[in-house]
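Reviewing the structure listed below.
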Amino acid sequence: MVEFRTLRREELNQWFDHCAQVFTQGEYTDRMRLYFMRHWYNDSRRRLSGIQVAVIDGEIASTIRVFLRNVYLQGQITAMGGIGEVSTKPQFRRQGLSSKLLEMSIAYMERQGLVVSALGTGVPNHYARYGWESIRSYRAEAQVTAARDQDCRLLDWDDDWELNQVATVYDEYARGFNGMIVRDDLYWRRWVRSEAGRGWVLLRGDQVVAYLIANVDDNKVLQVQDFATLEPDSDSFARLVAHGVWSFGLESAKVAFPAAIRPPGLEVEYSVRDSLMYRINDPGMKPRLAGQSLEEWLHGGQITPEETVQMVAAIDAF
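Anchor point for the sequence shown: position 310 equals 643 in the working numbering, and the numbering is continuous, going up by one each time.
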C-alpha cells in the first residue's frame, strides 16, 4: 500500500538518506547527504509541506520538494516554485509514484500562489506531460589570461557593510534579467554563502561596483556561479575573471558563464542547453506574455545567445 503525503519532521533524517542514496545511484556518501542537509537547513523559507513523499511499508520510495522563491520576470517580482530533490529508489520506479507526486506538487504550488515553476532535468518529456515547457539556455566560454587587479579583493562575508553593497549591486543588476532569484538578507547569509566558491569584489574607492563568485572544476575551468555589476557596459567582468584565474593560481583558464552577461572585451564561444523548464501555474500570468511563447518571453523576444535576457545564477540552483 502506497501512502502519498507530505514529509513528517521525524522523517527528515530518513529523507536525507533517501536523497543521498538515489542521487549517488546507490553509492551513499556523507558528502551527498550534507548537500541535501545544507539545502534544507540553509533555506530560510523551507517548509515540510513543500516536500511530497510516497511511502511504502514505512520506507520513503519517492519524493519531490518545492522550493519557495521569488524571481524577477520582466522587472516584476514573481512568486516561483522550484522543483528539486526529485528522486525514486530503483525498485519503486515505473509505478507512477513520481507522476502522482508531481500532481501533488502542482496543487501545492497553486495553494501557495506560486505563479510560475522552474526545474532542471535530463528527462523533459516526463515533465512536459504536466505542463512544463522546455526553455533553451545559453552558456558562453572564453579563454582568459591571469591578471592580478589591484582594485579587486576577496569578498568578505563577515563585513556587513560590504555584503550589503554586494546585495545592492546584485539587486540592481538582476532586475534586468528574467529568472534571477530575489535574495533577502537571510538568503545571502545562509544560502549564497554556503553554496559559494571563492568571491571577489571590484572597488572604486571604497564602493563595490561589481563582484564575482566562481570555482574551478576538475578540468581547470573557472565556472562562474554569480556575477553582478553596476556598469554592464564596462570591463568589470573581464577584470574580475582575470583576477579570479590569478587567485586560483592558474596562468590562464577557460571561463564558463551565462551568455546573457555579454561581457565587453572577451571573445566568446556559445553553447546551448535544454535542461531548463518553466511552467505557468497561474493562468493570470498568460496576458503578460503579450502573444509570445513562454520561451520567447523569457528570452526578451530574442532567442539568441547574443541578445537573450534569460539567466539563472548557478549559485541559486535548487
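By construction, the Cβ of each residue, glycine as well, lies at the ideal position given by its N, Cα and C atoms.
Asked	Found
Environment of Pro596 [buried if 16+ CB atoms lie within 10 Å]	buried
Extent of the continuous alpha helix (DSSP H) to which Asp350 belongs	Leu345 to Phe356
Boundaries (first-last residue) of the alpha helix (DSSP H) holding Asp363	Asp363 to Tyr374
Residue span of the beta strand (DSSP E) that contains Ala301, given as start and end	Any question about residue 301 goes unanswered here, given that the chain covers just 334 to 651.
Beta-carbon proximity of Ser431 to Val419, cut-off 8 Å	yes
Unbroken stretches of the alpha helix (DSSP H), 4 residues or longer, contained in the stretch 451 to 499	457 to 461
Euclidean distance between Cα positions of Gln540 and Leu487	14 Å
Whether Val499 touches Val534 by CB criterion (8 Å)	yes
First through last residue of the alpha helix (DSSP H) which encompasses Phe570	Ser569 to Ser580
Glu628, enclosing alpha helix (DSSP H) - first and last residue	Leu627 to Leu631
Given 8 Å, three or more beta-carbon pairs between the stretch 569 to 580 and the stretch 451 to 462	no
Residues near Ala475 by beta carbon distance below 7 Å, same chain, minus five either side	Val588, Leu599, Glu600 and Val601
Same chain, Cβ closer than 6 Å to Gln643, neighbours up to 5 away in sequence not counted	Asn511, Gly512, Leu631 and His632
Local conformation of Pro423 per DSSP, three classes	helix
Rounded Cβ spacing between Val605 and Arg469 (contact assumed at less than 8 Å)	5 Å
Gly624: CB within 7 Å of a non-hydrogen atom of the ligand ZN	Although the ligand ZN was asked about, the structure shown includes no ligands whatsoever.
Cβ-Cβ distance between Arg398 and Ile384 below 8 Å	yes
Test item: CB-CB of Ile393 and His351 under 8 Å	yes
Endpoints, the beta strand (DSSP E) within which Lys587 is located	Ser585 to Pro591
Residues sharing a beta bridge with Val388, DSSP	Glu336 and Ile393
Buried/exposed call for Ser626, threshold 16 Cβ in 10 Å	exposed
Close-in-space but distant-in-sequence residues of the same chain around Ala547 (CB under 7 Å, 5 per side omitted)	Gly530, Arg531, Leu555, Gln556, Val557, Gln558 and Gly577
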